[in-house]
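In the numbering used here, the protein residues as written are 326 to 1244.
The beta-carbon is built from N, C-alpha and C at its ideal position, and this holds for glycine as well.
The following block contains the structure:
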């Protein structure tokens, strides 16, 4: 395994050169800031002082405080373990290496980092070795494959797999050839270094631990690569006004508030209350508060951050971070739109040890969505209602801090006292107060008067001025009038353009930008709102975008004009872009209604309805976060379900909404519509004109309808629809066996399982035999299907035993055992779960047949598979699932004559599109 460059750099920073009497004698490494380890023979001649040289720090003097053994002995080499401890008179600014607890295995590649005179440069230089472990050599480890040069004795040795220091170079095996040699294992060093070798210093948040456990990668997996709490964009004076108000840029220092202490205390407690909700109107400081909490916890060694919008793998990545030893804070912003994710996190909390995970939900308000969560055993059901900062302290401290920060960043030079600002008759939330201070700074810079109280409106005026200043640089006649500029700026508020072509098309639909100015206008927006992966970034903060939208529809003046404008500019939005648009439309609608502006709010409702009716495949999934029974758009959604084309709209719509993972109510409503209209929709066009793709979508939809009924506790309906899925899949498999035979086999697996649940064993047995027959064909053609054949044989064997056919059951289980054991030889850890399930049944059936010696051998295989499974990063609930298998091992090893088989019938699942590995 290649050595991580960051680990190499960390190791080099702990490697030292040892000088005795002014002469270079060998290498060593920092164990603690006050203690260096080297070989005893390196400092054999040191009567008192030792000089320690280390890269990036001043030289240190030290004293040899221990040699093990004290004297060389009579052999050619210094007697083992050949360890010396050097105490430093002045501590180093190094944490110390992290010693491995176990020696590396034979064949492992290890890397030494130290010093020698045998490099291409003169004098003593940093040097390294790459070696392979041969195996034990007495109390030492023998290594080969590199030249252990003089001077590298005492060098630290890194295990490239674990990333920890696994030993210290002792000597070359043959001095005349300098070929291979020995290393002192880390556990031997630890025995002689005592408490100084303790790994307690290496914990989450410390350099060596974080690097070895891949903290940065774990954080990026959960929260995205650009979402680290310590990473803030560098301010530039040419930023647009909106940039200075964005929470992520942290221009204004955080102002302490009691809610932070409360949330921090909650995180640090080790109780089971793992989920909390913070509510406040937009702009009140929820996001900034959570960011500050993440920063504090990050400094204490947690992995903490905000979940991105497309968090499909959140829970598996969460387990991975926990298994690495970290505590985790997950922040879910706009939690009211992410109900399914909230439920998944709640389930994860219920399975984890108390206190290791905290989930903080942020929302503008609680409501029905919160009612479905707050009664959970791990949920603190009382929301933290965030009060405006200005409400407690008055606006003065908030305004003053914002003024100073904005003045220093935008104007520079000495920061004068803030001017007298307008009396705040409006909201005293953080965003409004920051906007008021920003307006004052921009007014001072531009030499104009500070506006009256409408801070966000004033910032939008500055945003428009920023546009016109950039627009004047273009020769083409770009819009300069207020209403026209507002329309142009609305585009980034509604969606993030992916390309210059899409940007120009949307600008053309505004009817205010001349055709010869489209490219120039797009370029200005591109410069105004840069984004590394998009043509332009969204306009933020959210409330600024919402206020701009309300101004634009006020300019339009009517429902017809507003709906026409908005649906026109969104006509080319993709499915992915539509979510931003629907979110802004809905939040603006809610804000307008809250201010009593019912008529323009109704115009936005009509806009959303029109978009959903005319482009349901793009805008209904995008609305998954804002639609629920009782909301204005829900009736439109129901209309679409009743009238949309079954094949071209409903089937793909179901898949798109399901993939958002945001609204199970919508998914169930679509499944209900598919079910109600199912008989009327089956026609030859599904199989002929639309081809297999739509037919496969129909199979999956019927399959999920069956799962829906199973989840509701209606097994009869689940069985009926599973049977329909089998019939449809069989037809697909006959038409295209290479593509759809696996789907047919999966449908058979599940139908058999449904029948078993209904105690209909004989029909379940017939279906299981058909499933095994199909799986055998697949496995003969492609060995990758062997695991699924083994699982089908497990189910068949269980059903045969249940129906009084133990001999046939044993034959099926024996075949499954052969497959599982073959797979385990290829990848023991990867297939341990399959071996566990197979050998549990196989051993019990052997015992029931009176073949006790063979049953005992099967128990040994089962015990090993359970041990391998138990060592994997599993949840407590998964580990608890191993208990029945341990009981089977105990019974078989005790040679009980088993007749109550307690066979495990593995559940069957539909093949996922994105994961073909059945492990």
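Other residues of its chain near residue i: CB distance less than 7 Å, five sequence neighbours each side excluded
i: residue 1050; result: 1024, 1027, 1028, 1031 and 1072
i: residue 464; result: 405, 406 and 513
i: residue 881; result: 887 and 890
Assigned secondary structure, residue i (DSSP; H/G/I helix, E/B strand, else coil)
i: residue 497; result: strand
i: residue 619; result: helix
i: residue 532; result: helix
i: residue 467; result: strand
i: residue 1101; result: helix
i: residue 406; result: coil
i: residue 374; result: strand
i: residue 657; result: strand
i: residue 328; result: coil
i: residue 580; result: coil
i: residue 344; result: strand
i: residue 1115; result: helix
i: residue 508; result: strand
i: residue 517; result: helix
i: residue 397; result: coil
i: residue 363; result: strand
i: residue 806; result: coil
i: residue 1130; result: coil
i: residue 379; result: strand
i: residue 1197; result: coil
Distance between residue j and residue i (C-alpha atoms, nearest Å)
i: residue 527; j: residue 1207; result: 32 Å
i: residue 911; j: residue 929; result: 7 Å
i: residue 729; j: residue 740; result: 6 Å
i: residue 869; j: residue 680; result: 38 Å
i: residue 688; j: residue 1136; result: 58 Å
i: residue 1302; j: residue 428; result: Only positions 326 to 1244 of the chain appear in the structure, and residue 1302 is not among them; the question remains open.
i: residue 631; j: residue 598; result: 19 Å
i: residue 1196; j: residue 682; result: 21 Å
i: residue 877; j: residue 919; result: 18 Å
i: residue 418; j: residue 493; result: 22 Å
i: residue 341; j: residue 426; result: 23 Å
i: residue 1082; j: residue 938; result: 41 Å
i: residue 982; j: residue 992; result: 6 Å
i: residue 1160; j: residue 1077; result: 22 Å
i: residue 574; j: residue 613; result: 10 Å
i: residue 477; j: residue 403; result: 15 Å
i: residue 917; j: residue 872; result: 9 Å
i: residue 994; j: residue 641; result: 28 Å
i: residue 943; j: residue 853; result: 27 Å
Close-in-space but distant-in-sequence residues of the same chain around residue i (CB under 6 Å, 5 per side omitted)
i: residue 805; result: 793
i: residue 934; result: 961
i: residue 651; result: 529 and 628
Supposed close pair residue i, residue j - CB separation, criterion 8 Å
i: residue 441; j: residue 474; result: 5 Å
i: residue 714; j: residue 610; result: 6 Å
i: residue 567; j: residue 864; result: 6 Å
i: residue 1265; j: residue 506; result: The displayed coordinates of the chain run from 326 to 1244. Any statement about residue 1265 would go beyond what the structure contains.
i: residue 424; j: residue 480; result: Actually they are not in contact, since the Cβ atoms of residue 424 and residue 480 sit about 15 Å apart, beyond 8 Å.
Other residues of its chain near residue i: CB distance less than 8 Å, five sequence neighbours each side excluded
i: residue 1138; result: 1118, 1119, 1122, 1163, 1166, 1167 and 1170
Given residue i as reference, the closest of the options once Cα atoms are compared
i: residue 1074; options: 1099, 1053 and 659; result: 1099
i: residue 1070; options: 1112, 1086 and 1039; result: 1112
i: residue 665; options: 678, 650 and 695; result: 695
i: residue 708; options: 714, 702, 692 and 720; result: 692
i: residue 358; options: 458, 349 and 410; result: 410
i: residue 731; options: 721, 1210 and 743; result: 743
i: residue 951; options: 362, 969 and 660; result: 660
i: residue 895; options: 1052, 671 and 831; result: 831
i: residue 1188; options: 612, 1158 and 969; result: 1158
i: residue 656; options: 822, 624 and 601; result: 601
i: residue 338; options: 1065, 383, 584 and 395; result: 383
i: residue 297; options: 543, 353, 698 and 883; result: Residue coverage of the chain in this structure runs from 326 to 1244, which leaves residue 297 outside it and unanswerable.
i: residue 1184; options: 1213, 1173 and 1086; result: 1213
i: residue 331; options: 373, 364, 769 and 485; result: 485
i: residue 998; options: 966, 753 and 517; result: 966
The ligand HEM heavy atom lying under 6 Å from the CB of residue i
i: residue 850; result: As far as ligands go, the structure on display features none, and thus does not contain the ligand HEM.
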